[in-house]
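Trainee: The sequence shown begins at 538 in this note's numbering and counts up by one.
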Amino acid sequence: MPETLSSTSVGLVTPQVARFDTPLMLACGRELPAFELVYETYGTLNETASNAILICHALSGHHHAAGYHHIDDRKPGWWDAHIGPGKSIDTRRFFVIAVNNLGGCHGSTGPSSENPATGRIWGPDFPLMTVTDWVNSQAMLADRLGIARFAAVVGGSLGGMQVLQWAMSLPERVANAVVVAATPRLSAQNIAFNEVARQAIRSDPEFFDGWYTEHQTLPKQGLRLARMVGHITYLSEHSMGARFGRDLRTDSLNYGYDVEFEVESYLRYQGDTFSTRFDANTYLLMTKALDYFDPAGEHDDDLPKALSTATCRFLVVSFTTDWRFAPARSRELVDALLRAGKHVSYANIDSPHGHDAFLLPNERYEAVLGGFMMRIANDVERAAGDNS
Numbered sequence: 538m539p540e541t542l543s544s545t546s547v548g549l550v551t552p553q554v555a556r557f558d559t560p561l562m563l564a565c566g567r568e569l570p571a572f573e574l575v576y577e578t579y580g581t582l583n584e585t586a587s588n589a590i591l592i593c594h595a596l597s598g599h600h601h602a603a604g605y606h607h608i609d610d611r612k613p614g615w616w617d618a619h620i621g622p623g624k625s626i627d628t629r630r631f632f633v634i635a636v637n638n639l640g641g642c643h644g645s646t647g648p649s650s651e652n653p654a655t656g657r658i659w660g661p662d663f664p665l666m667t668v669t670d671w672v673n674s675q676a677m678l679a680d681r682l683g684i685a686r687f688a689a690v691v692g693g694s695l696g697g698m699q700v701l702q703w704a705m706s707l708p709e710r711v712a713n714a715v716v717v718a719a720t721p722r723l724s725a726q727n728i729a730f731n732e733v734a735r736q737a738i739r740s741d742p743e744f745f746d747g748w749y750t751e752h753q754t755l756p757k758q759g760l761r762l763a764r765m766v767g768h769i770t771y772l773s774e775h776s777m778g779a780r781f782g783r784d785l786r787t788d789s790l791n792y793g794y795d796v797e798f799e800v801e802s803y804l805r806y807q808g809d810t811f812s813t814r815f816d817a818n819t820y821l822l823m824t825k826a827l828d829y830f831d832p833a834g835e836h837d838d839d840l841p842k843a844l845s846t847a848t849c850r851f852l853v854v855s856f857t858t859d860w861r862f863a864p865a866r867s868r869e870l871v872d873a874l875l876r877a878g879k880h881v882s883y884a885n886i887d888s889p890h891g892h893d894a895f896l897l898p899n900e901r902y903e904a905v906l907g908g909f910m911m912r913i914a915n916d917v918e919r920a921a922g923d924n925s
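1) So for Ile608, helix, strand or coil by DSSP?
2) Could you compute how far the alpha carbon of Pro841 sits from the alpha carbon of Gly834?
3) Indicate whether Met677 and Gly640 have their beta-carbon atoms separated by less than 8 Å.
4) Near Arg630, which residues of its chain fall below 6 Å by C-beta distance, leaving aside the five closest residues on each side in sequence?
5) Quick check on DSSP: helix, strand or coil for Glu577?
6) From Ile728 to Asn924, what distance separates their C-alpha atoms?
7) Return the CA-CA distance between Gly683 and Leu582, expressed in angstroms with no decimal places.
8) Determine, using beta-carbon pairs with one atom in the segment 568-579 and one in the segment 852-864, whether at least three such pairs fall under 8 Å.
9) Taking just the CA atoms, how far does Arg786 sit from Val796?
10) Going by DSSP in three states, Met562 sits in which element: helix, strand or coil?
11) Decide if Ile608 is buried, meaning its Cβ has at least 16 other Cβ atoms within 10 Å, or exposed.
12) What is the rounded straight-line gap between the Cα of Gln758 and the Cα of Thr810?
13) Comparing alpha-carbon positions, which option in Ala737, Ser888 and Gln699 lies nearest Asp831?
14) Assuming Arg960 contacts Gly808 under a Cβ cut-off of 8 Å, what Cβ separation, rounded to an integer in Å, is found between them?
15) If you measure between the beta carbons of Val547 and Gly621, is that distance less than 8 Å?
16) Straight-line CA distance for His594 to Tyr792?
17) Consult DSSP for Phe862 and reduce its assignment to one of helix, strand or coil.
18) Going by C-alpha to C-alpha distance, which of Leu827, Leu870 and Ser812 sits closest to Gln726?
19) Taking the alpha-carbon positions, what's the Leu844 to Val881 distance?
20) Answer with buried or exposed for Arg681, where buried requires no fewer than 16 other C-beta atoms within 10 angstroms of its C-beta.
21) Quick check on the burial criterion: 16 or more other C-beta atoms within 10 angstroms. Buried or exposed for Pro898?
22) Counting beta carbon pairs with one atom in the segment 881-892 and one in the segment 600-614, are three or more of them shorter than 8 Å?
23) How many Å lie between Val636 and Ala734 at the Cα?
24) Quick one: is Leu707 buried, meaning 16 or more other Cβ sit within 10 Å of its Cβ, or exposed?
25) Taking His768 as the reference, which of Glu801, Ser543 and Ser867 has the closest Cα?
26) Where in the segment 605-645 do unbroken runs of the beta strand (DSSP E), each at least 3 residues long, occur, reported from the N-terminal end onward?
27) Helix, strand or coil for Val716 per DSSP?
28) By how many angstroms is the C-alpha of Arg876 removed from the C-alpha of Leu804?
29) According to the neighbour-count rule (16 or more other Cβ atoms, all chains shown, within 10 Å of its Cβ), is Cys565 buried or exposed?
30) What are the partner residues of Leu952, as DSSP defines its beta bridges?
31) So the candidates are Gly660, Gly693, Gly778 and Pro864; which of them puts its Cα closest to the Cα of Trp748?
32) Classify Ala624 as buried or exposed, calling it buried when 16 or more other Cβ atoms lie within 10 Å of its own Cβ.
33) Could you tell me the boundaries of the beta strand (DSSP E) in which Tyr883 lies?
34) Drop a sphere of 10 angstroms on the beta-carbon of Ser544, count the other beta-carbons inside from all chains shown, and report buried for 16 or more, exposed for fewer.
35) Per DSSP, what kind of secondary structure is Leu785 in: helix, strand or coil?
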């Protein structure tokens with residue numbers, strides 16, 4: 538953490554835990570008898586509970602979206618660039634909630650939690666999650682916090698899919714939806730990347746069919762490979778070329794299979810750090826949830842029909858060099874929203890950073906997101922004034 542906190546930082550934050558003893562029926566047909574959700578909040582909920590913003594995280598994300606947990610933290614939360622006083626999602630005006638999804642590995646009930654029916658770690662027996670399941674659990678948390686309707690639900694990548702599901706499943710509870718670097722369903726290529734990552738994990742001899750915790754080991758090699766494959770898809774060719782080019786770590790070729798190029802070193806570092814901080818069963822579960830998301834498939838491949846229940850206003854944002862969830866997929870969503878008669882704004886932001894651009898500062902991105910969120914804040918405050 539910097540020695541002096543910026544005036545735009547939410548500062549030190551403490552995660553909270555909400556326990557639910559009401560069973561949650563899941564799309565897979567199973568029931569989760571009880572569960573816990575870990576979450577963080579930033580800002581203050583107003584008297585009418587009308588200024589709440591829900592942040593939905595991406596595959597490897599979690600509840601820590603902004604600020605710092607400890608004074609010795611090296612980095613702030615994963616979306617700190619956009620959440621805080623005076624930032625796009627202004628915590629002087631909004632009450633912001635970020636939740637670690639069910640099945641996650643950062644405190645919410647998931648494969649690393651104890652199965653109350655057996656006394657064992659859930660492990661691979663933890664039920665597969667869908668985006669709909671996450672939305673339903675998040676709605677239960679909103680009820681617990683006294684929030685009947687969100688001023689906006691916001692998310693990027695897998696988080697954007699959750700935003701869409703909120704708008705379709707619980708339209709009366711969403712005033713605005715911000716869908717960033719997302720898609721209404723994965724392409725065959727994206728499903729293929731996910732399958733390669735899953736097979737890298739499942740073929741690791743330390744995986745033990747998902748029971749690695751009981752064997753007191755971790756499938757680190759599989760997770761390393763999965764992360765390396767995934768990370769390549771999050772970056773653009775331009776950003777990788779600009780950062781690494783064909784730079785060697787030494788002055789000459791070694792004519793061997795050890796690390797020679799800087800990009801090789803970078804990918805191995807990313808894989809190594811990820812393999813010790815993320816749960817393998819969670820990675821399998823999250824990528825499957827990505828694959829399964831297909832609202833149009835539930836409506837005879839008619840995306841406008843799937844979106845017809847939504848009543849909120851939409852902001853859709855894509856990035857020019859994102860080839861994982863390309864701008865064409867966002868335009869497909871925008872077209873479907875327009876054909877469904879919805880109010881939608883769209884921006885394709887010029888960025889060299891590929892899919893990861895949704896996490897990073899960008900003047901144009903901040904102007905678009907900040908402008909949309911400012912209008913929401915003005916609407917909320919105007920309504921609160923009218924009701925006072």
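Glycine included, every Cβ here is placed at the ideal spot set by N, Cα and C.
These figures come from a predicted structure and were not determined experimentally.
Mentor: In brief:
1) coil
2) 11 Å
3) no
4) Ala914
5) strand
6) 48 Å
7) Rounded to the nearest whole angstrom, the CA to CA distance from Gly683 to Leu582 is 10 Å.
8) no
9) 8 Å
10) strand
11) exposed
12) 11 Å
13) Gln699
14) Residue 960 cannot be examined here, being either before or after the span of the chain that is shown, 538 to 925.
15) yes
16) Cα to Cα, His594 sits roughly 42 Å from Tyr792.
17) Three-state DSSP puts Phe862 in coil, outside helix and strand.
18) Leu827
19) 12 Å
20) With a 10 Å radius around the Cβ and a threshold of 16 neighbouring Cβ atoms, Arg681 comes out exposed.
21) exposed
22) Touching, no.
23) 25 Å
24) Leu707 comes out buried.
25) Glu801
26) 632-636
27) strand
28) 42 Å
29) exposed
30) Because the chain in this structure spans residues 538 to 925, residue 952 falls outside the shown range and cannot be described.
31) Comparing Cα positions, the closest option is Gly660.
32) Note on residue identity: the sequence assigns Lys, not Ala, to residue 624. Looking at its Cβ environment, which holds 16 or more other Cβ atoms inside 10 Å, Lys624 is buried.
33) Val881 to Ile886
34) exposed
35) strand
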